[in-house]
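In the numbering used here, the protein residues as written are 618 to 735.
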């Protein structure tokens with residue numbers, strides 16, 4: 618059974634930065650594209666960043682230029698560096714495989730809460 622563990626969230630002021638990590642186990646990580654998703658209260662889960670197996674990236678318009686996704690296949694870990702954070706970035710952040718590529722998800726982790734507030 619796939620195991621995804623997100624970490625690195627917290628409370629940060631607007632304009633601040635956070636770095637999230639997602640460690641994967643029981644999963645052929647290097648063979649899959651990965652994505653970061655977020656879900657704000659009362660809203661649907663949305664994809665914010667995607668990285669291919671060879672490191673090509675793309676981002677939602679809402680985070681482009683502020684967030685950077687990366688991966689370390691040796692550590693089975695995907696990262697999300699978040700800069701210039703805004704209150705609207707407040708959400709629970711999750712990693713998973715990109716649904717638009719594979720037509721499915723693997724089992725979700727618990728996510729990590731990011732709160733942007735002064």
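Ideal Cβ positions, reconstructed from N, Cα and C, are used throughout, including at glycine.
Asked, Found
"Cutting at 6 Å between CB atoms, please list the residues of its own chain near residue 624, excluding the five before and the five after it.", "638, 729"
"Assuming residue 712 contacts residue 652 under a Cβ cut-off of 8 Å, what Cβ separation, rounded to an integer in Å, is found between them?", "7 Å"
"Is the Cβ-Cβ distance between residue 666 and residue 684 less than 8 Å?", "yes"
"What beta strand (DSSP E) runs, 3 residues minimum, are completely inside the segment 642-684?", "651-656, 663-668, 674-676"
"Pop quiz: residue 737 and residue 629 are said to be a contact at Cβ under 8 Å. What is the actual Cβ separation, rounded to whole angstroms?", "Absent from the structure is residue 737, since the part of the chain shown begins at 618 and ends at 735."
"For a quick check, are the C-beta atoms of residue 690 and residue 641 less than 8 Å apart?", "no"
"Which of the three DSSP states, helix, strand or coil, is assigned to residue 718?", "helix"
"Comparing C-alpha positions only, which one of 650, 631, 735 sits nearest to residue 722?", "650"
"Along the chain, where does the beta strand (DSSP E) that runs through residue 698 open and close?", "694-699"
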